[in-house]
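Here the structure is laid out as structure tokens; the discussion comes afterwards.
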Amino acid sequence: MGKTKELSKDIRDKMVDLHKTGMGYRTIGKQLGEKATTVGAIIRKWKKFKTTVNLPQSGPPCKISPRGASMIIRKVRDQPRTTRQDLVNDLKRAGTTVSKKTISNTLRRHGLKSCSARKVPLLKPAHVQACLRFLLNGPEKLLKV
Numbered sequence: 000m001g002k003t004k005e006l007s008k009d010i011r012d013k014m015v016d017l018h019k020t021g022m023g024y025r026t027i028g029k030q031l032g033e034k035a036t037t038v039g040a041i042i043r044k045w046k047k048f049k050t051t052v053n054l055p056q057s058g059p060p061c062k063i064s065p066r067g068a069s070m071i072i073r074k075v076r077d078q079p080r081t082t083r084q085d086l087v088n089d090l091k092r093a094g095t096t097v098s099k100k101t102i103s104n105t106l107r108r109h110g111l112k113s114c115s116a117r118k119v120p121l122l123k124p125a126h127v128q129a130c131l132r133f134l135l136n137g138p139e140k141l142l143k144v
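Read in numbering that gives the first Met the number 0, the sequence shown has 25 at position 26, and its numbers run on one by one without any break.
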């Protein structure tokens, strides 16, 4: 289940103070109207970091937006032989500067670990036309054999 709301600092401090007096998670939760797991999470955080304020996110923010990532995934699925440098250039034209390693990490995160060329090459327009001509004219020739 997702995060629903953020508790105020005074409620979190009150939970820690009640814990220091020796109360259990359930009794603190009933007294303050919160779940016992919420109380436990706040107390564990207080024991580890000695603070009840919200900590900043770990690591830098993603350089590629979700929209850019979906563009990369779409292009790789449509054209498996595309190179990382082509993808870097596409993103640069869109206004995002990233490295080839970032592209690789994004592909791996979306389940495209070892992208390689397709086993069967894609048909050229001339070959598609030849197949269609064969289908239109072929059945009579096959029946004669």
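Every residue, glycine too, gets a C-beta built ideally from N, C-alpha and C.
In this structure, does DSSP put residue i in helix, strand or coil?
| i | result |
| --- | --- |
| Val127 | helix |
| Asn53 | coil |
| Val97 | coil |
| Arg154 | The first residue shown for the chain is 0 and the last is 144, placing residue 154 beyond what the model contains. |
| Lys4 | coil |
| Lys91 | helix |
| Leu121 | coil |
| Leu111 | coil |
I'd like the span of the alpha helix (DSSP H) that includes residue i, first residue to last.
| i | result |
| --- | --- |
| Ile42 | 35–48 |
| Met14 | 8–19 |
| Thr26 | 24–31 |
| Ile71 | 65–77 |
Roughly how many angstroms separate the alpha carbons of residue i and residue j, rounded to a whole number?
| i | j | result |
| --- | --- | --- |
| Thr101 | Ser64 | 12 Å |
| Pro60 | Pro124 | 44 Å |
| Arg83 | Ile71 | 10 Å |
| Gln78 | Leu111 | 13 Å |
| Lys4 | Asp85 | 42 Å |
| Leu134 | Leu121 | 19 Å |
| Arg76 | Leu131 | 26 Å |
| Thr20 | Trp45 | 15 Å |
| Leu90 | Arg73 | 13 Å |
| Gly94 | Val87 | 11 Å |
| Arg92 | Ser69 | 16 Å |
| Leu31 | Thr37 | 11 Å |
| Thr105 | Glu33 | 38 Å |
| Gly56 | Arg66 | The amino acid at residue 56 is misidentified as Gly; the sequence shows Gln. Computed Cα separation, rounded: 21 Å. |
| Tyr24 | Asn53 | 20 Å |
Using 8 Å for Cβ pairs, my map puts residue i next to residue j. What's the rounded Cβ distance?
| i | j | result |
| --- | --- | --- |
| Ile27 | His18 | 7 Å |
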